[in-house]
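Each remark here refers to the structure printed beneath this line.
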Amino acid sequence: DTAVSQTPKYLVTQMGNDKSIKCEQNLGHDTMYWYKQDSKKFLKIMFSYNNKELIINETVPNRFSPKSPDKAHLNLHINSLELGDSAVYFCASSLTGANYGYTFGSGTRLTVV
Amino acid sequence: GQSLEQPSEVTAVEGAIVQINCTYQTSGFYGLSWYQQHDGGAPTFLSYNALDGLEETGRFSSFLSRSDSYGYLLLQELQMKDSASYFCAVTNAGNMLTFGGGTRLMVKP
Numbered sequence: 009d010t011a012v013s014q015t016p017k018y019l020v021t022q023m024g025n026d027k028s029i030k031c032e033q034n035l036g037h038d039t040m041y042w043y044k045q046d047s048k049k050f051l052k053i054m055f056s057y058n059n060k061e062l063i064i065n066e067t068v069p070n071r072f073s074p075k076s077p078d079k080a081h082l083n084l085h086i087n088s089l090e091l092g093d094s095a096v097y098f099c100a101s102s103l104t105g106a107n108y109g110y111t112f113g114s115g116t117r118l119t120v121v
Numbered sequence: 050g051q052s053l054e055q056p057s058e059v060t061a062v063e064g065a066i067v068q069i070n071c072t073y074q075t076s077g078f079y080g081l082s083w084y085q086q087h088d089g090g091a092p093t094f095l096s097y098n099a100l101d102g103l104e105e106t107g108r109f110s111s112f113l114s115r116s117d118s119y120g121y122l123l124l125q126e127l128q129m130k131d132s133a134s135y136f137c138a139v140t141n142a143g144n145m146l147t148f149g150g151g152t153r154l155m156v157k158p
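Protein sequence lines correspond, in order, to chains A and B.
For the first sequence, position 105 matches number 113 in the working numbering, and the numbering has no gaps at all.
For the second sequence, position 57 matches number 106 in the working numbering, and the numbering has no gaps at all.
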């Protein structure tokens with residue numbers, strides 16, 4: 009019944025590795041997002057994607073790339089991980105025109121060592 | 050650019066009323082939302098204001114003044130479970146949310 013599910017919940021990896029976080033939504037929403045929440049709890053948009061358009065926050069390093077096999081999935085791939093990438097990453101989805109907000113996944117806590 | 054300002058921390062007692070303010074500067078404003086996040090949890094949607102005025106949902110109300118670029122979240126009859134972080138967020142073109150830094154609410158007995 010989970011609306012927005014992301015895996016894994018925890019990810020510990022070494023600097024320089026490449027990793028992916030998966031996200032799936034079963035709400036029929038048309039737009040999906042990735043947010044990064046840092047240690048001070050600041051939520052920063054990374055990507056917004058629907059079946060027509062990818063919007064990238066220009067401050068996101070190009071080591072980060074979203075991959076969407078279909079409109080129910082938006083995975084996040086990260087190359088050459090750095091210590092500063094350690095954070096909680098949230099996937100979210102929404103329906104264009106609806107006013108009930110985003111639905112967030114439970115988050116992936118990434119720790120780079 | 051866009052910026053949102055909200056207090057970093059608010060403390061109140063159980064049963065009281067608390068107001069969390071949010072001021073914003075943005076281009077292409079569509080609406081102001083509020084989200085609640087408990088420690089270790091995901092942000093959850095509370096309310097959305099596209100027009101000026103007050104929206105009420107149970108113990109929570111949210112207010113927007115577009116001319117003042119200002120809104121607030123009002124929590125009544127505070128309960129211990131309301132202890133959490135509260136984020137205001139603006140919706141701009143492309144339906145993207147930009148969040149404020151969050152207000153940590155501590156409810157004391």
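For glycine and all other residues, C-beta sits at the position ideal for the given N, C-alpha and C.
Treat the numbers as computed from the prediction; the structure is a model and nothing was measured.
Next on the checklist: Quick check on residue 134 of chain B: buried or exposed, where buried means 16 or more other Cβ atoms within 10 Å of its Cβ?
Outcome noted: Locating residue 134 of chain B in the second sequence gives position 85, counting from the first residue. Buried, since its Cβ has 16 or more Cβ neighbours within 10 Å.
Checklist entry - Under the three-state reduction of DSSP, which class applies to residue 155 of chain B: helix, strand or coil? => result Sequence index remark: in the second sequence, residue 155 of chain B carries index 106 (1-based). Residue 155 of chain B falls in the strand class under three-state DSSP.
Item to check | Straight-line gap, residue 63 of chain B to residue 107 of chain B (C-alpha atoms, nearest Å) | outcome: Translated into positions along the second sequence, residue 63 of chain B becomes position 14. Translated into positions along the second sequence, residue 107 of chain B becomes position 58. Spanning the two alpha carbons is a distance of roughly 17 angstroms.
Checklist entry - Which two residues bound the contiguous beta strand (DSSP E) that contains residue 148 of chain B? => result On the second sequence, position 99 is the one that residue 148 of chain B refers to. Element bounds for residue 148 of chain B: 146-148.
Checklist entry - Pick from B:148, B:155, B:156: whose alpha carbon is nearest that of residue 53 of chain B? => result Stepping through the second sequence from its first residue, residue 53 of chain B is reached at position 4. It is B:148 whose Cα lies nearest to the Cα of residue 53 of chain B.
Next on the checklist: Measuring straight from C-alpha to C-alpha, what distance separates residue 35 of chain A and residue 155 of chain B?
Outcome noted: On the first sequence, position 27 is the one that residue 35 of chain A refers to. On the second sequence, position 106 is the one that residue 155 of chain B refers to. One C-alpha to the other measures close to 33 angstroms.
Next on the checklist: Please list the terminal residues of the continuous beta strand (DSSP E) segment that includes residue 67 of chain A.
Outcome noted: By one-based count along the first sequence, residue 67 of chain A stands at place 59. Note, residue 67 of chain A: premise wrong, no beta strand (DSSP E); not H, not E.
Item to check | Three CB pairs or more closer than 8 angstroms across the region 69-79 of chain B and the region 130-146 of chain B | outcome: yes
Checklist entry - Can you name the residues of chain A whose CB is closer than 8 angstroms to the CB of residue 147 of chain B? => result For the purposes of this step, residue 147 of chain B is taken as residue 98 along the second sequence, with counting starting at 1. Correct list: 53.
Item to check | Nearest neighbour of residue 38 of chain A, chosen from A:115, A:76, A:98 [CA to CA] | outcome: As a working mapping, residue 38 of chain A is identified with position 30 in the first sequence. That would be A:76, whose Cα lies nearest to the Cα of residue 38 of chain A.
Checklist entry - From residue 101 of chain B to residue 72 of chain B, what distance separates their C-alpha atoms? => result Taking the first residue of the second sequence as position 1, residue 101 of chain B is located at position 52. Taking the first residue of the second sequence as position 1, residue 72 of chain B is located at position 23. The alpha-carbon atoms of residue 101 of chain B and residue 72 of chain B are separated by roughly 14 angstroms.
Checklist entry - By Cβ distance, which residues of its chain are closer than 7 angstroms to residue 94 of chain A, with the 5 residues on each side in sequence left out? => result Residue numbering aside, residue 94 of chain A sits at position 86 when the first sequence is read from its first letter. The answer, listed in chain order, is 118, 119, 120.
Next on the checklist: Going by beta-carbon coordinates alone, are residue 69 of chain A and residue 55 of chain A separated by less than 8 angstroms?
Outcome noted: As a position in the first sequence, residue 69 of chain A is number 61, starting the count at 1. As a position in the first sequence, residue 55 of chain A is number 47, starting the count at 1. The answer is no: Cβ separation not under 8 angstroms.
Item to check | chain B contact for residue 72 of chain A (CB, 8 angstroms cutoff) | outcome: Position 64 of the first sequence, counted from the first residue, corresponds to residue 72 of chain A. No, no contact with chain B.
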